Amino acid sequence: NLFRIAGDISHLVSILILLQTIEKGKTTSGISLKTQILYVVVFVTRYLDLLTTYVSLYNSLMKIFFIASSVYVVWLMTSKYNKKFKEDQDVFPVKYLVGGSFVMSLLFHYKFTFSEILWSFSLWLEAVCILPQLFLLQKTGEAKAITTHYIFALGLYRALYIPNWFYRYYSENRLDLLSVSAGLLQTTIYSDFFYVYYQKVLKNWGFNLP
Amino acid sequence: AEASPNHDEL
Chain A
7 NLFRIAGDIS HLVSILILLQ TIEKGKTTSG ISLKTQILYV VVFVTRYLDL
57 LTTYVSLYNS LMKIFFIASS VYVVWLMTSK YNKKFKEDQD VFPVKYLVGG
107 SFVMSLLFHY KFTFSEILWS FSLWLEAVCI LPQLFLLQKT GEAKAITTHY
157 IFALGLYRAL YIPNWFYRYY SENRLDLLSV SAGLLQTTIY SDFFYVYYQK
207 VLKNWGFNLP
Chain B
25 AEASPNHDEL
């Protein structure tokens, strides 16, 4: 359905924006390494089923892309552009995010199996793993416009999944309460950022016409 | 509705 496709595209676009930002500026300043490492964990734990179940070519290719690109970004940040990388401001206590997500996955899952627990863990972790990035943004005070576009596209992706879940509930009679709950939490975390982004975009491109 | 994980999603 349309929401699902739009969500996936916006997810794809967010990563392309991120890669382009890093390659063009030859720097990773303003980007949280912690958030990027958490994304590697999110994608690897969620897409373990790549090895066991086949959904579609589209599905497999996207999963491989998300795993590969997240690992690539971490490699860029830690190896290639390491010299220019300042980590002193990227100090969000990540252990609470990982620990909290793990507890949530033990409390909420569809089956008590290794892969289902990891899958649930990845949903909760994804919902909160932008926090170090938002924290860094707040600490540095200013951000390159491109970094905010990245966060916007990333937030939009899960927000678009919400109408997709409604659609699936009515058309396929399927309800994935775990995805919906984690997705709502994720969108809530982004909502403050969305508001600021919306205000700035309106200010810069809408009302300030000469 | 059938309560099950949407494993076909990303």
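Sequence lines, in order, name chains A and B. Quick note: the first sequence uses the working numbering, first residue 7, plus one each step. Quick note: the second sequence uses the working numbering, first residue 25, plus one each step. Glycine included, C-beta positions come from ideal geometry on N, C-alpha and C. Since the model is a prediction, treat every value here as computed from it, not as a measurement.
- In the displayed model, Glu178/A falls within coil according to three-state DSSP, outside both helix and strand.
- For the options Ala159/A, Val109/A, Leu113/A, the alpha carbon positioned closest to that of His17/A is the one of Ala159/A.
- The stretch 21-85 of chain A is shown to contain no whole beta strand (DSSP E) run of 3 or more residues.
- For Lys69/A, the chain B residues whose C-beta falls within less than 8 Å of its own C-beta are Leu34, listed in chain order.
- Around the beta carbon of Leu112/A, fewer than 16 other beta carbons sit within 10 angstroms, so the residue counts as exposed.
- One Cα belongs to Val77/A, the other to Lys150/A, and the distance between them is close to 23 Å.
- DSSP places Thr193/A in the uninterrupted alpha helix (DSSP H) bounded by 183-207.
- Distances from the CA of Ser35/A to each of Phe114/A, Tyr173/A, Phe172/A, Tyr87/A were compared; the closest alpha carbon is that of Tyr87/A.
- Sequence-distant partners of Leu103/A (beyond 5 residues in either direction) whose C-beta falls short of 6 Å from its own C-beta, in its chain, are Val134.
- The beta carbon of Gln95/A sits closer than 7 Å to those of Leu142, Lys145, Thr146, all from its chain and outside the five residues before and after it, given in chain order.
- Beta-bridge annotation (DSSP): Ala27/B is paired with Leu181/A.
- Pairing Tyr156/A with Ser20/A gives a Cβ-Cβ distance under 8 Å.
- Sequence-distant partners of Leu54/A (beyond 5 residues in either direction) whose C-beta falls short of 7 Å from its own C-beta, in its chain, are Ser121, Leu124.
- Pairing Val50/A with Ile73/A gives a Cβ-Cβ distance under 8 Å.
- Close to chain B, meaning a Cβ-Cβ distance shorter than 8 Å, are the following residues of the stretch 70-83 of chain A: Phe72.
- Here Ala165/A has Thr193 as same chain residues with Cβ atoms under 6 Å from its own Cβ, once five neighbours each way along the sequence are excluded.
- Phe108/A sits in a helix when the DSSP states are folded into three classes.
- When the five nearest sequence neighbours on each side are left out, the beta carbons in the same chain lying within less than 6 Å of the beta carbon of Val100/A are those of Lys40, in order along the chain.
- DSSP places Pro99/A in the coil class of the three-state scheme, outside both helix and strand.
- Classified as buried, Asn170/A has 16 or more neighbouring CB atoms from the shown chains inside 10 Å of its CB.
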